[in-house]
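The block underneath contains the structure these notes are about, expressed in C-alpha cells.
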Amino acid sequence: DNWCEFPVADRPDAVEQWMKAAQRDPSMIRAPWILMIETDYVWLKPVQAPRADSDELSIAFPFGYIVPQAPPLKHVMRIMYPEGKGPLSDIPNSGPAPVLCRVDELHKIIPDWKRLAYHIEHHAETK
Numbered sequence: 103d104n105w106c107e108f109p110v111a112d113r114p115d116a117v118e119q120w121m122k123a124a125q126r127d128p129s130m131i132r133a134p135w136i137l138m139i140e141t142d143y144v145w146l147k148p149v150q151a152p153r154a155d156s157d158e159l160s161i162a163f164p165f166g167y168i169v170p171q172a173p174p175l176k177h178v179m180r181i182m183y184p185e186g187k188g189p190l191s192d193i194p195n196s197g198p199a200p201v202l203c204r205v206d207e208l209h210k211i212i213p214d215w216k217r218l219a220y221h222i223e224h225h226a227e228t229k
C-alpha cells in the first residue's frame, strides 16, 4: 500500500490501540455495540443497534465479490484457514466494515484480524 499513508494492514492495530485506550478510559465507549464503517459510506437512515441485553448476533454487510470458497482461492485460503478449522464456506463473505458487533466480540477477533492482515501484506501469494 504505497499509495496510502494508512494501509489496510494498519487497521487492526489501530483498532487494537483504540480498544486499549478505551480500557484505560472506559468513557470512550458508551454503548455495548460498535459500528465500524468507512468514512465514505452513505447511510440513508440510522442504524439501530439491538438492546444491550439482547441475544442478537453481530451483523456485517455481505459483499458478493468476496467468495472465500472460490476454486482459484482455495489454496491461498487454506494457508490462512487450515482444514482443521472447518470448511471454507464457514468464512463469511464480508470485510471488517460495515460491521455492527459487541465490544467484547471486537476485542476477541483483533488477534486473528492482525494475524491475517500481516499474512496478506507479507506473503506475495496472498497479496
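Here the sequence shown stands for residues 103 to 229, where the numbers follow our numbering. Yeah, the Cβ is synthetic: ideal placement off N, Cα and C, and Gly gets one too. Here the structure is a predicted model, which is why all the values come from computation and not from measurement.
Practice item. Could you pull out every residue in the same chain whose Cβ sits closer than 6 Å to the Cβ of Ile168, ignoring the five residues on either side in sequence? Key: Stepping through the sequence shown from its first residue, residue 168 is reached at position 66. Counting only Cβ-Cβ distances below 6 Å, and skipping sequence neighbours, we find Asn195.
**Study point:** Assigned exposure category for Pro184 - 16 Cβ within 10 Å defines buried
**Key:** For this step, residue 184 is matched to residue 82 along the sequence shown. Looking at its Cβ environment, which holds fewer than 16 other Cβ atoms inside 10 Å, Pro184 is exposed.
Point to revise | Classification of Pro114 by the beta-carbon crowding that lies within 10 angstroms, buried from 16 upward | key: Mapped onto the sequence shown, residue 114 falls at position 12. It counts as buried.
Check your understanding: Going by the beta-carbon positions, is the gap between Val178 and Ile136 smaller than 9 Å?
Key -> Along the sequence shown, one-based indexing puts residue 178 at 76. Along the sequence shown, one-based indexing puts residue 136 at 34. No, Cβ-Cβ distance for Val178 and Ile136 is not below 9 Å.
Point to revise | Local conformation of Ala199 per DSSP, three classes | key: Mapped onto the sequence shown, residue 199 falls at position 97. Secondary structure at Ala199: coil, using DSSP grouped into helix, strand and coil.
Point to revise | Every unbroken beta strand (DSSP E) within the segment 135-167, with a cutoff of 3 residues, ordered by chain | key: 135-138
Point to revise | Where Arg204 falls: helix, strand or coil (DSSP) | key: Position 102 of the sequence shown, counted from the start, is the residue given in the question as residue 204. Looking at Arg204 - three-state DSSP - the assignment turns out to be strand.
Practice item. State the DSSP-derived secondary structure class of Arg132, mapped to helix, strand or coil. Key: On the sequence shown, position 30 is the one that residue 132 refers to. Three-state result, Arg132: coil.
Point to revise | Three-state secondary structure assigned by DSSP to Asp103 | key: By one-based count along the sequence shown, residue 103 stands at place 1. Low confidence applies here, because Asp103 scores a pLDDT of 49, under 50, leaving its location unreliable; read the following figure in that light. Of the three classes helix, strand and coil, the one that applies to Asp103 here is coil, per DSSP.
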